[in-house]
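Chemist:
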Amino acid sequence: MALDVVPFADHHIDHAVALLTAAHAPTGAAVPAVDLADPGAARAQLDAFGAAGPAVAALSGGVPVGFMAATVPKLQGTPLGRVRMQHHAAAPDGIRATYRHLYRALAQELVDVGCFEHTVKVAAEHRDTVACLVELGFGFDQVKGFRPIAPLAGPARQVRLRRAHRDDLADLVRLTVELQRFHAQAPMLRPAEIDVLATGDDLRAAIADDRRLVLVAETHGRPAGVMVADHDSRYSTAASIGIAAVTADARSEGIGTALLAGVVEWAADQGFGSCGAEWTSANLVSDAFWRGHGFVPARYTLTRRVDPRVSLDYRHFVPR
């Protein structure tokens, strides 16, 4: 199949909507349906992209058979280029070739603006797309999983749970910072970069919002664990857990299980059909916890880090 890769334009949107909705059509899998199966939602996402970053389309015989777009930071030189789930799709026939051609074009544009870390969010059931991206140098980074709203067996010991209040803010920020430090350890080895002020503002807003849940587990009168839950913006029938942290001194004591049971109960009361969480694939503790409590992967974030030296001008290495 001969492919031409061109800059994405407005006249490609109708085909892109059709590709996106077909790719995310409900399959009856054990995970909630994503909103991109709805043509109106898919079109709204594509219309909202605007000039957020480079975007390309793959044409076969002049007809779009795939597209890919990446959002980039507003400040040049910030290294992250993100391809979100609503910003890529391809026709099933020739999907491997299509994605390879699309990424070749997009990767060069990302590197040209100083983006050397590329991420792509992919539905877990899109195995051909996942395999293609792995062939292109991507690896598994984040996992988004869901479990049904079914009662969760609580821990053997009794754990005191309550909604967070403003006086807990310093302790909750402390737990979040501790979580980031944990992610800096092997095998995750992710730099502990955290904006403490922004984190505090986000937690303060969540505590004040009755539509969200900030659930605290107490030991010795102080918060030893926290989970923050909200409506999932992509999976419309699901609640999703954002922050989930338990202090190191209290791990393996059932606090995480108690918090999760509390979140699931809240989600059921709110009328949600499932509960989601996202975790780092290389985090052995989190991966075992979420999968062990029935979470089934629905989406992967695949990441590729490009050596910045590829942007060197190699003419300087040529002998005169």
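If you read the sequence shown in UniProt numbering, its first letter stands for residue 1, the second for the next number, and so on.
Idealized CB from N, CA, C, for every residue including glycine.
Rounded to the nearest angstrom, what separates ALA23 and LYS144 at their Cα positions?
Modeler: Cα-Cα distance, rounded: 18 Å.
Chemist: Using only the alpha-carbon positions, how far apart do ALA89 and ASP168 sit?
Modeler: 43 Å
Chemist: Taking the alpha helix (DSSP H) that TYR99 falls in, what are its first and last residues?
Modeler: 95 to 112
Chemist: Could you tell me which residues DSSP puts in a beta bridge with GLN142?
Modeler: THR280, THR301
Chemist: Look at the alpha carbon of ARG174 and the alpha carbon of VAL34, and state the distance between them as a whole number of angstroms.
Modeler: A straight line joining the alpha-carbon of ARG174 with that of VAL34 spans about 34 Å.
Chemist: If contacts are defined as beta-carbon pairs under 8 Å, then residue 322 and THR119 qualify, I think. What distance do you get, rounded to the angstrom?
Modeler: The requested residue 322 does not occur in the structure, where the chain is confined to residues 1 to 320.
Chemist: Does the Cβ of residue 360 have 16 or more other Cβ atoms within 10 Å, making it buried, or fewer, making it exposed?
Modeler: For residue 360 there is no data in the structure shown, the boundaries of the chain being 1 and 320.
Chemist: Report the start-end ranges of each alpha helix (DSSP H) in the stretch 148 to 220 that is 4 residues or longer and not cut off at the edges.
Modeler: 169 to 183, 196 to 208
Chemist: Helix, strand or coil for GLU125 per DSSP?
Modeler: Residue state, collapsed to three classes: coil.
Chemist: Using the Cα positions of ALA150 and SER274, report the straight-line distance between them to the nearest angstrom.
Modeler: Here the C-alpha atom of ALA150 lies approximately 8 Å from the C-alpha atom of SER274.
Chemist: Say whether the stretch 289 to 307 touches the stretch 124 to 136, bearing in mind that this needs 3 or more beta-carbon pairs closer than 8 Å, one atom from each stretch.
Modeler: Short answer: they touch.
Chemist: In the DSSP output, what is PHE67 paired with across the bridge?
Modeler: ALA57, ALA89
Chemist: Any heavy atom of the ligand ATP inside 8 Å of the beta-carbon of HIS24?
Modeler: Within the structure as shown, the ligand ATP is missing, as the structure has no ligands at all.
Chemist: Using 10 angstroms around the beta-carbon of ARG181, count the other beta-carbons present and answer buried if the total reaches 16, otherwise exposed.
Modeler: exposed
Chemist: Just grab the DSSP bridge partners of THR119 for me.
Modeler: ARG82, THR303
Chemist: Return the residue from the list TYR99, HIS87, ASP128 that minimises the CA-CA distance to LEU3.
Modeler: TYR99
Chemist: Taking all protein chains shown into account, do 16 or more other C-beta atoms lie within 10 angstroms of the C-beta of GLN185, making it buried, or fewer, making it exposed?
Modeler: exposed
Chemist: Mind checking which residues open and close the alpha helix (DSSP H) that includes HIS15?
Modeler: 13 to 23
Chemist: From ILE194, ALA224, PHE138, pick the residue whose C-alpha is nearest to that of GLU253; which is it?
Modeler: Looking at the Cα atoms, ALA224 is the closest of the given residues.
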